[in-house]
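Residue numbers (our numbering): 44 to 300. All C-beta atoms in this analysis are idealised placements derived from N, C-alpha and C, irrespective of residue type, glycine included. To keep things clear, I will list the structure first and then write my remarks on it.
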Ligand SMILES: C[S@@+](CC[C@H](N)C(=O)[O-])C[C@H]1O[C@@H](n2cnc3c(N)ncnc32)[C@H](O)[C@@H]1O
């Protein structure tokens with residue numbers, strides 16, 4: 044039997060690993076690291092290595108680093124995702140077959156928590172269900188970037204009795220701004236909070252949370268919008284990449300049933 048762990052590593056800071064994650068790391072024979080294209084790739088990989096150096100004995104594990112298949116960006120988003128997932132499944136099959144011996148434990152260190160905007164769980168579940176090898180897998184939950192955002196801004200995720208939406212820039216870019224009262228926005232490459240100008244909304248923004256370059260900004264969208272746009276442009280220019288998340292909150296809460 045081969046065993047795979049999908050370990051939530053938290054967003055950046057090695058201190059965000061849970062005790063369960065640390066105990067699990069120490070049992071792993073092979074860590075699989077998927078390198079994504081883009082200017083942040085060296086730093087993101089270095090953070091994973093820093094975690095292993097901090098918690099594991101040097102001779103205890105092997106690291107297999109492979110290029111993560113990039114997603115094509117055509118006008119057919121659904122098809123692009125399907126092709127991308129097929130390629131990732133094929134890569135996982137290959138890694139399990141060629142890099143993990145029977146009786147060994149392999150692991151993926153997944154950013155934040157594996158359940159949030161990360162399809163590795165679904166893809167590995169399909170691979171494990173369809174392989175002719177004996178493989179089992181387990182998920183070790185992690186702290187999400189959502190939790191770090193609210194902790195750093197010292198705010199609750201929702202006010203009393205209120206719902207919380209977790210969504211993407213892709214959605215917020217086109218939705219009716221009046222439909223959003225309290226939402227965390229992730230994967231936003233177009234600063235879509237601008238659409239909420241004049242909507243009586245606050246924004247709580249965080250960049251590189253948990254990382255050495257962490258930055259926070261908060262205030263009424265109408266008041267901080269221009270400063271936030273400028274800050275984002277400046278840090279993106281300096282570092283070459285930006286990972287950010289924000290919570291949009293309407294000042295007057297809509298009563299919930
Ligand atoms: C592919 S999703 C993965 C989310 C991850 N599984 C989690 O639990 O946070 C990546 C998005 O999460 C958000 N994110 C993750 N880590 C972050 C960090 N350290 N600082 C700011 N945003 C972060 C950003 O919105 C980014 O575009």
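For residue 75, the enclosing beta strand (DSSP E) begins and ends at 73 to 78. Listed in chain order, the non-local C-beta contacts of residue 181 below 6 Å within the same chain comprise 48, local neighbours out to five positions each way being set aside.
Closest in alpha carbon position to residue 177, among 144, 202, 187, is 144.
Distance from the C-beta of residue 54 to the nearest heavy atom of ligand 1 is below 8 Å. One alpha carbon belongs to residue 147, the other to residue 85, and they sit about 28 Å apart. Judged by pairs of C-beta atoms under 8 Å, the segment 210 to 223 does not touch the segment 70 to 87, as fewer than three such pairs exist.
Assigned with DSSP and collapsed to three states, residue 234 falls in coil, not helix or strand.
Between ligand 1 and residue 60, a heavy atom-to-CB distance of less than 8 Å is absent. In terms of side-chain proximity, the C-beta atom of residue 191 is found nearer than 8 Å to a non-hydrogen atom of ligand 1. The segment 117 to 172 contains, as complete beta strand (DSSP E) runs of 3+ residues, the segments 148 to 153 (chain order). In terms of Cβ geometry, residue 191 and residue 290 do not form a close pair [threshold 9 Å]. Between residue 63 and residue 183, the beta carbon gap of about 6 Å places them in contact (Cβ cut-off 8 Å). Linking residue 126 to residue 115 through their CA atoms gives a straight-line distance of about 8 Å.
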